[in-house]
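Numbering (the numbering used here), first residue to last: 1 to 141. For every residue, glycine included, the Cβ atom is placed at its ideal position computed from N, Cα and C. Since we're looking at a predicted model, the values are computed, not measured.
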């Protein structure tokens with residue numbers, strides 16, 4: 001199914017021990033974070049010593065419906081309209097939740113629709129690829 005276990009077994013059977021990388025050479029230029037150029041200032045070393053990029057895009061924000069909105073979708077009739085959800089910022093793909101339950105599929109678009117199951121307060125949440133989330137509470141009529 002996967003080549004990784006075979007590859008790992010091959011390394012074990014080779015008898016070669018892993019060798020750590022040498023430390024940094026003496027006299028290496030090591031500026032403080034404030035001294036770095038803007039293009040490098042967003043990078044930092046993680047706990048494992050590897051360089052990791054921090055997200056530069058803003059966190060997701062739900063722009064429609066706004067928090068606290070009352071939305072009349074005609075939920076009392078047989079042909080109730082879906083609610084259009086719009087967001088700004090964040091990194092695709094996005095996962096939408098309605099009252100803690102995921103909506104169908106993970107989407108790269110910043111517009112989604114949701115068909116409420118009735119009237120009342122609902123909490124809508126979006127989670128981006130970086131794990132950042134935004135929520136709004138709306139009243140559906």
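What does a CB cutoff of less than 8 angstroms around residue i pick up in its chain, not counting 5 residues either side in sequence?
{"i": "residue 65", "result": "71, 83, 85, 124, 136 and 138"}
{"i": "residue 30", "result": "24"}
{"i": "residue 108", "result": "92, 93 and 94"}
When we look at the beta-carbon of residue i and count the other beta-carbons within 10 Å, is it buried (16 or more) or exposed?
{"i": "residue 120", "result": "exposed"}
{"i": "residue 90", "result": "buried"}
{"i": "residue 140", "result": "buried"}
{"i": "residue 122", "result": "buried"}
{"i": "residue 38", "result": "exposed"}
{"i": "residue 126", "result": "buried"}
{"i": "residue 98", "result": "buried"}
{"i": "residue 106", "result": "exposed"}
{"i": "residue 62", "result": "buried"}
{"i": "residue 186", "result": "The chain is shown only over 1 to 141; residue 186 falls outside these bounds and no answer can be derived."}
In terms of residue numbering, what span does the beta strand (DSSP E) encompassing residue i cover?
{"i": "residue 122", "result": "120-127"}
{"i": "residue 111", "result": "111-114"}
{"i": "residue 7", "result": "Per DSSP, residue 7 belongs to no beta strand (DSSP E); it is in the alpha helix (DSSP H), 4-14."}
Within a Cβ cutoff of 6 angstroms, which residues of the same chain sit near residue i, ignoring the five residues on either side of it in sequence?
{"i": "residue 111", "result": "86"}
{"i": "residue 128", "result": "60, 90, 91 and 94"}
{"i": "residue 88", "result": "61 and 63"}
Measuring only the C-alpha atoms, how far is residue i from residue j?
{"i": "residue 3", "j": "residue 11", "result": "13 angstroms"}
{"i": "residue 15", "j": "residue 23", "result": "24 angstroms"}
{"i": "residue 102", "j": "residue 96", "result": "6 angstroms"}
{"i": "residue 133", "j": "residue 113", "result": "18 angstroms"}
{"i": "residue 67", "j": "residue 32", "result": "41 angstroms"}
{"i": "residue 6", "j": "residue 20", "result": "23 angstroms"}
{"i": "residue 100", "j": "residue 76", "result": "23 angstroms"}
{"i": "residue 130", "j": "residue 34", "result": "25 angstroms"}
{"i": "residue 58", "j": "residue 13", "result": "48 angstroms"}
Since residue i sits in a beta bridge, which residues does DSSP pair it with?
{"i": "residue 61", "result": "88"}
{"i": "residue 140", "result": "71 and 120"}
{"i": "residue 107", "result": "94"}
{"i": "residue 101", "result": "98"}
Between which residues of its own chain and residue i is the CB-CB distance below 7 angstroms, once the five residues before and five after are set aside?
{"i": "residue 74", "result": "80 and 81"}
I want to see whether chain D comes within less than 7 angstroms of residue i, judged by CB atoms only; does it?
{"i": "residue 19", "result": "Chain labels in this structure do not include chain D; a single protein chain is all it has."}
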